[in-house]
Amino acid sequence: MGEEDLAWAALEETLQERAGLDLRLYKEKCVARRLAVRQRACAVPDLAAYVRLLREDPEELPRLLDALTINVTQFLRNPQTFRVLGESVLPDLCRSRAEGGRRTLRAWSAGCATGEEAYTLAILLQEVWRACGLRQTAVIYATDIDSRCLEVAKAARYQARQLDGLPPEVRVRCFKEEQGGWVRLAPAIRRMVFVKRHDLRLPPPFRRLDLILSRNVLIYLAPAHQQQLLQAFAEVLTPGGILVLGKVEGLSGPAREAFEPVNVSERIYRRRAGTSGAGGAAAPGGARA
Ligand SMILES: C[S@@+](CC[C@H](N)C(=O)[O-])C[C@H]1O[C@@H](n2cnc3c(N)ncnc32)[C@H](O)[C@@H]1O
């Protein structure tokens, strides 16, 4: 083993031990790029020196974890995706669930970062229900691996400038201004969203879902784990349930059989009926919700 390989192995071990993070599950190129950024920031000459510093300086671990799991997100990210969802996909989904006697829609923002995606969905659902004359509600699980992001998601407080992409009418209706340029989501929206820590490399903690948004998360995972996650999504979605991936992501592996495309360019797929994983099956080894 060369010096670089030894340093890499030491890094894997350190991250596994101290953060429970299995580096092998992430794309090597992604990891290497972000490591290089941390190495430069710490002004260390090579990976071996960086791993030594990581072991000695307790403040470096959270910084590295931050760098490895990029948390970029925003309200109404990729507006065209939400337009398609709001115009046809969600009205169809909500109506079909209402016809089946369901009042509560179950959704999951998997890899929610600071929560904007889950709250955008909650806002959109309210609009859809109003437009369709439906009396429904929703339980939206918002999960991420990054606990600090989840604190923000739970507080549901953002800087007013983060609302720039939202229509003024939505800003007025769904947010309450607070001091210091902060805004907070209205209780009716907040009440729909349940924030929880979950590592997407583990079996899903939810089942019987109608909708999963998992955008810009798969890209961080190695291909085998992307396929595993997609298969898990297929298993916990009920037939007719909707999966939305990020604009640069797509289906791969056996899960391709389980979904039919709804809108390929917006990466919206529908769970087929009658293929393996009926949405009601237990998630192996996972807690239930
Ligand atoms: C770019 S953000 C995507 C946020 C949001 N879905 C969006 O598209 O705007 C990616 C998120 O995936 C999370 N993530 C990365 N690996 C994860 C894992 N193994 N389990 C859960 N979340 C993970 C990161 O912490 C980060 O918050």
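Numbered per numbering that gives the first Met the number 0, the sequence shown finishes at 288, counting up by one with no gaps. Beta carbons are placed, not taken as given, at the ideal position from N, Cα and C, and that holds for glycine. As the structure is a computational prediction, the values presented were derived from the model and not from experiment.
For ligand 1, is there any heavy atom lying closer than 6 Å to the beta carbon of residue i?
{"i": "Asn-262", "result": "no"}
{"i": "Leu-145", "result": "According to the sequence provided, residue 145 is Asp. The question's Leu does not apply to it. Answer for Asp-145: yes, Cβ within range of ligand 1."}
{"i": "Arg-76", "result": "yes"}
{"i": "Leu-20", "result": "no"}
{"i": "Tyr-49", "result": "no"}
{"i": "Leu-149", "result": "no"}
{"i": "Ile-69", "result": "yes"}
{"i": "Gly-110", "result": "yes"}
{"i": "Glu-256", "result": "no"}
{"i": "Tyr-140", "result": "no"}
{"i": "Glu-116", "result": "yes"}
Per DSSP, which one or two residues make a beta bridge with residue i?
{"i": "Gln-157", "result": "In the sequence as presented, Gln is not what sits at residue 157; that position holds Tyr. For Tyr-157, which the question treats as bridged, DSSP gives the partners Val-182."}
{"i": "Asn-262", "result": "Ile-267"}
{"i": "Arg-105", "result": "Val-138"}
{"i": "Val-30", "result": "Answer is none; Val-30 lacks a bridge partner."}
{"i": "Arg-143", "result": "One point to set straight first is that residue 143 is Asp, not Arg, in the sequence displayed. Beta-bridge pairing links Asp-143 to Arg-196."}
What number of angstroms, rounded off, separates the C-alpha of residue i from the C-alpha of residue j?
{"i": "Gly-69", "j": "Ala-154", "result": "It should be noted that the sequence gives Ile, not Gly, for residue 69. Taking the straight line joining both Cα atoms gives about 20 Å."}
{"i": "Leu-293", "j": "Leu-14", "result": "Nothing can be reported for residue 293, as the shown portion of the chain is limited to 0 through 288."}
{"i": "Leu-201", "j": "Thr-142", "result": "12 Å"}
{"i": "Arg-129", "j": "Glu-168", "result": "15 Å"}
{"i": "Arg-37", "j": "Arg-76", "result": "27 Å"}
{"i": "Tyr-140", "j": "Pro-186", "result": "16 Å"}
{"i": "Gly-276", "j": "Ile-144", "result": "Residue confidence is low: Gly-276 scores 49 on pLDDT, short of 50, so the model does not pin down where it sits. No coordinate-derived value is stated."}
{"i": "Phe-193", "j": "Gly-1", "result": "47 Å"}
{"i": "Gly-100", "j": "Tyr-118", "result": "25 Å"}
{"i": "Cys-173", "j": "Cys-131", "result": "19 Å"}
{"i": "Asp-91", "j": "Val-261", "result": "12 Å"}
{"i": "Gly-273", "j": "Pro-238", "result": "8 Å"}
{"i": "Ala-66", "j": "Val-30", "result": "9 Å"}
{"i": "Pro-166", "j": "Ile-188", "result": "16 Å"}
{"i": "Leu-24", "j": "Leu-242", "result": "22 Å"}
Should residue i be labelled buried (16 or more other beta-carbon atoms within 10 Å of its own) or exposed?
{"i": "Ser-213", "result": "buried"}
{"i": "Met-191", "result": "buried"}
{"i": "Val-50", "result": "buried"}
{"i": "Gly-279", "result": "Unreliable positioning characterises Gly-279 in this predicted model, as indicated by a pLDDT of 42, which lies under 50. A coordinate reading is not provided."}
{"i": "Gly-209", "result": "For the record, residue 209 in the displayed sequence is Asp; it is not Gly. Label assigned to Asp-209: buried."}
{"i": "Gln-125", "result": "buried"}
{"i": "Thr-80", "result": "buried"}
{"i": "Leu-5", "result": "exposed"}
{"i": "Glu-256", "result": "exposed"}
{"i": "Thr-113", "result": "buried"}
{"i": "Val-88", "result": "buried"}
Please determine if the segment 51-60 and the segment 219-238 are in contact, where contact requires at least 3 C-beta pairs separated by less than 8 Å. no
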